[in-house]
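Offset between the sequence shown (1-based) and the numbering used here: plus 1155.
Even glycine gets a Cβ: it sits at the ideal position worked out from N, Cα and C.
Working notes, beginning with the structure itself.
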Amino acid sequence: MPEEPMAATEASIGQPPATSHQPPQPAASRDDRRAAIMLKEWPALKADVAACTACPLHAGRKKTVFGVGDENADWLFIGEGPGADEDTQGEPFVGQAGKLLDSMLASIRLKRGANVYIANVVKCRPPGNRNPEPAEAAACEPYLQRQIDLIRPKLIVALGKVAAANLLASDASVASMRGKVHSYRGIPLIVTYHPAYLLRSLPEKAKAWTDLCFAVKTMTELPARPNAG
Ligand code: SF4
């Protein structure tokens, strides 16, 4: 799904929509929606996403793709949005890119669902597998932020340019963001390539392996989470 490097995006978490197919939501209404989402626990959050019509992506989806995995995970992997397989199955990273992600996880002794949570920037499939528009990412961002607040991961791995751009409010390339420990609201964050990109760019697989090793090293050096259960 992702084109990498992608076209420049101004998407950043919490910024007002730059473009939209819908009339802009008044700031007060947007703030009220965000505040309500930030109070939701898992069941209400999942139900909210399943019924969401906050951005134009709802119109073309078959299923929302909330996220999957261990809700107390130390590891959180974030991609950009559902593709066709994900839209059909309602689960992130299925199909060929999902198999590669599972292999990447296995290479560092991790497994989907076991101390790992997987989510996307947007929960509904952008048509034609295009990148999410900034307004779509902004509309969906409170859900991801609430997921992160509930999971409280020790480390976030941003998969690809769109995820990194939205989480870090940066338009830098993946190449320039790799190999560094960034921060998303105080949580260490590492950037690597999206599995779908790696499927098309086999030479970059070695770099992704380097990134995973860096992530493991970073994780081992992090203190235990307070009240981790
Ligand atoms: S992408 Fe996110 S904000 Fe847009 S309709 Fe789907 S759940 Fe709602």
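Subject >> Simplified DSSP assignment, three categories, for Val1317 >> reply: Reduced to three states, the DSSP call for Val1317 is helix.
**OP:** Please classify Pro1378: is it buried, with 16 or more other beta-carbons within 10 angstroms of its beta-carbon, or exposed?
**Re:** Under this definition Pro1378 is an exposed residue.
**OP:** Classify Pro1287 as buried or exposed, calling it buried when 16 or more other Cβ atoms lie within 10 Å of its own Cβ.
**Re:** With a threshold of 16 other beta carbon atoms within 10 Å, Pro1287 meets it and is buried.
Subject >> Limits of the alpha helix (DSSP H) - the one that Tyr1352 falls within >> reply: Looking at the DSSP string, the run of the alpha helix (DSSP H) that includes Tyr1352 is 1350 to 1355.
Subject >> Thr1391 versus Pro1281 - alpha carbon distance >> reply: Residue 1391 lies beyond the residue range present for the chain, which begins at 1156 and ends at 1384; the question has no answer from this structure.
**OP:** For Lys1217, verify whether its CB is less than 7 Å away from any heavy atom of the ligand SF4.
**Re:** Checking every heavy atom of the ligand SF4 against the Cβ of Lys1217, none is found closer than 7 Å.
Original post:
Do you know offhand how far Pro1198's Cα is from Val1220's?
Top reply: Just so you know, the alpha carbons of Pro1198 and Val1220 end up roughly 14 Å apart.
Subject >> Sequence-distant residues of its chain with Cβ nearer than 8 Å to Lys1372 (five each side left out) >> reply: There are no such residues.
Subject >> Euclidean distance between Cα positions of Lys1309 and Cys1368 >> reply: C-alpha separation (whole angstroms): 16 Å.
Subject >> Same chain only: Cβ atoms within 7 Å of Lys1201, ignoring 5 sequence neighbours per side >> reply: Answer for Lys1201: Phe1221, listed in chain order.
**OP:** Might you give, ordered along the chain, the residues of its own chain that have their beta carbon closer than 6 Å to the beta carbon of Ile1345, omitting 5 neighbours on each side?
**Re:** Taking C-beta separations shorter than 6 Å and ignoring five residues to either side along the sequence, the partners of Ile1345 in its chain run Val1312, Ala1370, following chain order.
Original post:
Using the C-alpha atoms, what's the distance from Arg1264 back to Gly1283?
Top reply: Distance between the alpha carbons of Gly1283 and Arg1264 is about 34 Å.
**OP:** State the beta-bridge partners of Tyr1272 as determined by DSSP.
**Re:** Tyr1272 is bridged to Gly1224, Leu1231.
Original post:
Cβ atoms of Ile1192 and Pro1285: under 8 Å apart, would you say?
Top reply: The sequence given here has Arg at residue 1285, not Pro. For the 8 Å CB-CB criterion, Arg1285 and Ile1192 do not form a contact.
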